[in-house]
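Residue numbers (our numbering): 188 to 533.
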Ligand SMILES: Cc1cc2nc3c(=O)[nH]c(=O)nc-3n(C[C@H](O)[C@H](O)[C@H](O)COP(=O)(O)O)c2cc1C
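Put into structure tokens, the structure is as follows:
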């Protein structure tokens with residue numbers, strides 16, 4: 188979850204990030220995935236984002252990782268490039284012009300010179316720049332490993348660069364990186380292969396996808412099911428299934444609204460093998476707000492794990508609350524920090 192809290196605008200983590208992410212680990216989350224982190228300065232969603240485009244940013248991430256590990260969780264970082272949606276002021280209402288269009292003088296790049304409504308028109312990346320961007324993802328992933336992260340998550344969702352390449356709504360290229368589903372998938376698959384090579388086989392490689400654009404002519408659940416198989420074959424362990432963000436379409440958001448897409452992806456990759464020799468894992472997300480709802484998704488076999496976004500901003504101890512709600516009595520099986528276990532039962 189973007190925190191927009193790098194006040195120095197240098198992509199370097201501060202005490203805020205260490206305490207914020209460490210708290211969620213102490214609250215019992217199994218894996219804490221750190222916010223969208225820029226692989227290039229121009230790829231940041233806002234000037235206040237974390238970065239991993241420079242070796243000088245590794246130490247700050249190492250502090251975050253140590254705090255997450257001290258809380259007993261696995262540490263993940265989401266690597267992203269905003270493409271045509273980069274360089275926007277943050278959502279923070281204390282920052283002038285919050286949520287307006289693109290900031291002036293931002294080098295806005297994308298697969299094609301097609302603007303996201305309300306944002307500036309980006310320039311289309313050249314093939315040489317595409318290769319540089321793939322390399323930037325790989326370099327950032329190498330730094331993530333140096334910082335100690337267990338999981339590298341690629342941001343392939345919510346209308347950012349990887350998603351922009353995947354979707355016909357934003358990719359009108361006629362070269363090898365567009366023109367057909369195969370062409371539109373090329374960038375994502377190249378990033379996955381380069382990142383897998385950079386992190387080795389022991390680290391978990393996760394990708395977040397928007398399964399549908401919720402818009403005529405955009406990506407569908409069927410497209411994503413096929414893509415998921417190709418991503419696993421290219422080296423992905425975990426598929427984290429979200430939706431939307433590449434068009435201002437009305438999303439029918441309600442409890443568990445994205446779970447059917449996770450279930451479709453899970454079915455598509457069933458029986459495949461990951462580089463580590465395991466089964467690909469599928470994460471469901473989106474208004475999963477109670478322990479009972481989360482448990483139902485898992486018991487019904489719709490996903491292998493669930494993620495919480497806004498609920499985790501409301502409550503760093505959400506897993507303790509859910510354990511209480513579900514009457515979990517085996518503290519070792521629940522993997523909650525022992526210090527807070529007493530909060531899970533009467
Ligand atoms: C403040 C805020 C920041 C977010 N930042 C990110 C992000 O950095 N990366 C990402 O993939 N999704 C991000 N999202 C989307 C959430 O991760 C999540 O997919 C979405 O909020 C739906 O899940 P929820 O109902 O559990 O919040 C953000 C959402 C919000 C509200």
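Where is the CB? At the ideal position from N, CA and C, for every residue including glycine. As the structure is a computational prediction, the values presented were derived from the model and not from experiment.
| Check | Outcome |
| --- | --- |
| So, is residue 345 buried or exposed, given that buried needs 16 or more other C-beta atoms within 10 angstroms? | buried |
| For residue 394, which of helix, strand or coil comes out of DSSP? | strand |
| Using only CA atoms, which one of 410, 307, 255 lies nearest to residue 274? | 307 |
| So residue 311 packs on residue 300, CB below 8 Å; how close in whole Å? | 5 Å |
| Going by alpha carbons, who is nearest to residue 336 out of 251, 377, 527, 198? | 251 |
| For residue 533, does the count of other Cβ atoms within 10 angstroms reach 16, so buried, or fall short, so exposed? | exposed |
| Helix, strand or coil for residue 427 per DSSP? | strand |
| Going straight from the alpha carbon of residue 525 to that of residue 494, what length do you get? | 22 Å |
| What residue does the beta strand (DSSP E) around residue 253 start on, and which one ends it? | Counting along the chain, residue 253 falls outside any beta strand (DSSP E), though it belongs to the alpha helix (DSSP H) covering 245–257. |
| Please state the DSSP three-state secondary structure of residue 417. | helix |
| Per DSSP, which residues does residue 297 bridge with? Please list them. | 311 |
| Compute the Euclidean distance between the alpha carbons of residue 349 and residue 385, then round it to the nearest angstrom. | 18 Å |
| Let's see if you can read the secondary structure: which residues bound the beta strand (DSSP E) around residue 261? | 261–267 |
| Within the same chain, show all residues whose beta-carbon is closer than 8 Å to that of residue 363, passing over the 5 residues directly before and after it, in chain order. | 314, 370, 373 |
| Check residue 525 in the structure and name its three-state DSSP category. | helix |
| In whole angstroms, what separates the C-alpha of residue 528 from that of residue 323? | 42 Å |
| For residue 329, which residues of its own chain have a beta-carbon under 8 Å away from its beta-carbon, when the five flanking residues on both sides are left out? | 385, 386 |
| Under the DSSP definition of a beta bridge, which residues are partnered with residue 223? | 265 |
| Under 7 Å Cβ to Cβ from residue 333, same chain only, skipping five residues before and after it: list those, please. | 245 |
| Any heavy atom of ligand 1 closer than 8 Å to the CB of residue 498? | yes |
| Go ahead and pull the three-state DSSP assignment for residue 471. | strand |
| Leaving aside the five residues before and after residue 515 along the sequence, list all residues of the same chain whose C-beta is less than 6 Å from its C-beta, in chain order. | 521 |
| Could you tell me whether any non-hydrogen atom of ligand 1 is closer than 8 Å to the CB of residue 475? | yes |
| Along the chain, where does the beta strand (DSSP E) containing residue 205 start, and where does it finish? | Element bounds for residue 205: not the beta strand (DSSP E) but the alpha helix (DSSP H), 202–213. |
| How big is the Cα-Cα spacing for residue 280 and residue 235? | 14 Å |
| Nearest CA to the CA of residue 190: which residue from 412, 221, 229? | 221 |
| Can you tell me where the alpha helix (DSSP H) with residue 482 in it begins and where it stops? | 478–486 |
| Leaving aside the five residues before and after residue 256 along the sequence, list all residues of the same chain whose C-beta is less than 7 Å from its C-beta, in chain order. | 262 |
| So the candidates are 530, 513, 506; which of them puts its Cα closest to the Cα of residue 259? | 506 |
| Would you mind sorting residue 430 into buried or exposed? The rule is 16 or more other CB atoms within 10 Å of its CB. | buried |
| For residue 454 and residue 424, which I take to be in contact (beta-carbon distance under 8 Å), what is that distance rounded to the nearest angstrom? | Not confirmed; about 17 Å, so no contact. |
| Quick one: is the Cβ of residue 401 within less than 8 Å of any heavy atom of ligand 1? | no |
| Mark residue 544 as exposed unless 16 or more other C-beta atoms lie within 10 angstroms of its C-beta, in which case mark it buried. | In this structure the chain extends from 188 to 533, so residue 544 is not present and cannot be described. |
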